[in-house]
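Enquirer: Residue numbers for the sequence shown follow our numbering, beginning at 1401 and rising by one. Below is the structure I would like to discuss, written out as C-alpha cells.
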Amino acid sequence: MSRTKGAFIVLEGIDGAGTTTHSARLVQALEAAGHAAYLTREPSNGPIGTLIRQVLSRRLVVPTAEGPRPPGFATMALLFAADRMDHLEAEILPRLQRGEVVVSDRYDYSSVVYQSATSDDPEAVAAWTRELNRYARRPDLVLVLDVDVDEATRRRSSRRGEEEIFDADELQRRLASGYRALSRFFPEDRVVFVDASQPIEAVAEEVRRQVLALLDGTPKD
Ligand SMILES: Nc1ncnc2c1ncn2[C@@H]1O[C@H](COP(=O)(O)OP(=O)(O)OP(=O)(O)O)[C@@H](O)[C@H]1O
Ligand SMILES: [Mg+2]
C-alpha cells in the first residue's frame, strides 16, 4: 500500500504499562505489513531529550539549602515542550513528509499528565502544559495502554533498570487518573484506550489492529 501523507501514532500510559514494548512491537508489525515505519520516543534522543534523561535518572539536580533535588514541574514542562518541538523538527515531520508511519513511545499527553500530577495545582498546570504544546503536531491516533497500577508496578519491578524520579506508587495512581481524564485537555484528538492488562501477545494484536484499521481507512471496531 503506498501512502503519501504518512501517519503519526503515539503510545501512552503509566510507567510499566508497556509503551516501550508495544511501540517496538508495532513498528515490527507495520514493517511486516509493508509499511515504512519509524520508532521514536520521548524524551527524544536529541540534545534536550538527553538532558531530560539525566534529570529522570537523578544525574542532573538542583542544588538547594536542603540538598540536591530534581527540577520542579514548571522547569520539566518547559524542557519537555522544547524537546518535543526539536523532536518534531529533527525527526518526526521529515519522515511524515516522506510518507512514513512514525510511532512515538510517549508524546505531549505524558507532559500534561506527569507535570500536572507532580504539581500542587493539577487543573491549572494541565491547562498550562497543554498550551505550551500548542504548536506540537497532533497525532493521527493515540493508544493509551490501560493497566492497573499494581500490575504496572509488578511489571516495572521485574524489569531491570534504575528507579526513576516518577516511580512512586502514590504518584502512579495520580497519573492513572490523569490518563483517564485526558480527553478533557485533548478534545480533538483520536484517543483509544487499550486493555493492557491482557498478555503481551493480545495487547500487541489489539494495537496492531487499531493502527492497521486507521491506515486502511476502515472503521476501528
Ligand atoms: N501486556 C503485558 N503483559 C505482561 N507484561 C508486559 C506487558 N506489556 C509489557 N510487559 C512487561 O512489563 C515490563 C514493562 O514494560 P515496558 O518497559 O514496555 O513499559 P513502559 O510503559 O515502557 O515503562 P516505562 O514507562 O517505565 O518505560 C516489561 O518487562 C515488559 O516485558
Ligand atoms: Mg518505557
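We treat Cβ as the ideally placed atom computed from N, Cα and C, and that holds for glycine. None of the values given here were measured: they were computed from a predicted structure.
Does ligand 1 have even one heavy atom less than 7 Å from the beta-carbon of Gly1472?
Expert: Every heavy atom of ligand 1 is 7 Å or more from the Cβ of Gly1472, so no.
Enquirer: Assuming contact is defined by CB atoms lying nearer than 8 Å, are Ala1490 and Gly1446 in contact in what I supplied?
Expert: Taking 8 Å as the Cβ cut-off, Ala1490 and Gly1446 qualify as a contacting pair.
Enquirer: In chain order, what residues of the same chain have a beta carbon less than 6 Å from the beta carbon of Ile1492, not counting five sequence neighbours either side?
Expert: Excluding positions up to five away in sequence, the list reads Val1502.
Enquirer: To which residues does DSSP link Ile1409 through a beta bridge?
Expert: Ile1409 is bridged to Val1503, Leu1541.
Enquirer: Thinking C-alpha only, which one of Ala1613, Ala1581, Thr1440 is nearest Thr1421?
Expert: Checking every option, the nearest Cα to that of Thr1421 belongs to Thr1440.
Enquirer: Specify whether the stretch 1525 to 1532 and the stretch 1589 to 1609 touch according to this definition: at least 3 beta carbon pairs, one from each stretch, less than 8 Å apart.
Expert: These segments do not touch.
Enquirer: What is the C-beta distance between Val1542 and Tyr1514, in whole angstroms, given that I count them as a contact (C-beta under 8 Å)?
Expert: The Cβ separation is near 15 Å, so there is no contact.
Enquirer: What I want to know is whether the C-beta of Thr1419 ends up closer than 7 Å to one or more non-hydrogen atoms of ligand 2.
Expert: Yes - ligand 2 has a heavy atom lying nearer than 7 Å to the Cβ of Thr1419.
Enquirer: Does at least one heavy atom of ligand 1 sit under 7 Å from the Cβ of Gln1598?
Expert: Result yes, Cβ under 7 Å from ligand 1.
Enquirer: Could you give the first and the last residue of the continuous alpha helix (DSSP H) run that contains Thr1421?
Expert: Counting along the chain, the alpha helix (DSSP H) containing Thr1421 begins and ends at 1419 to 1432.
Enquirer: Rounded to whole angstroms, what's the CA-CA distance from Leu1411 to Leu1460? Just pull it up for me.
Expert: Between Leu1411 and Leu1460, the C-alpha separation is close to 27 Å.
Enquirer: Looking at the unbroken alpha helix (DSSP H) that takes in Tyr1514, where does it start and where does it end?
Expert: From DSSP, the alpha helix (DSSP H) with Tyr1514 extends over 1508 to 1517.
Enquirer: Taking just the CA atoms, how far does Arg1469 sit from Glu1570?
Expert: Each residue's alpha carbon lies about 19 Å from the other.
Enquirer: Just verifying my parser: in three-state terms, what is the DSSP assignment at Asp1616?
Expert: Reduced to three states, the DSSP call for Asp1616 is helix.
Enquirer: Quick one: what does DSSP say Tyr1579 is sitting in, helix, strand or coil?
Expert: Helix, per DSSP.
Enquirer: Go to Asp1595, then tell me how far its beta strand (DSSP E) extends in each direction, as first and last residue.
Expert: Note, Asp1595: beta strand (DSSP E), 1591 to 1595.
Enquirer: For a quick check, are the C-beta atoms of Pro1539 and Tyr1507 less than 8 Å apart?
Expert: Yes. Within cutoff.
Enquirer: Taking the alpha-carbon of Tyr1579 as reference, which of Asp1548, Pro1494, Arg1495, Arg1498 has the nearest alpha-carbon?
Expert: Checked all of Asp1548, Pro1494, Arg1495, Arg1498; the closest Cα to Tyr1579 is Asp1548.
Enquirer: For Gly1434 versus Arg1556, is the C-beta spacing smaller than 8 Å?
Expert: No, the Cβ-Cβ distance between Gly1434 and Arg1556 is not below 8 Å.
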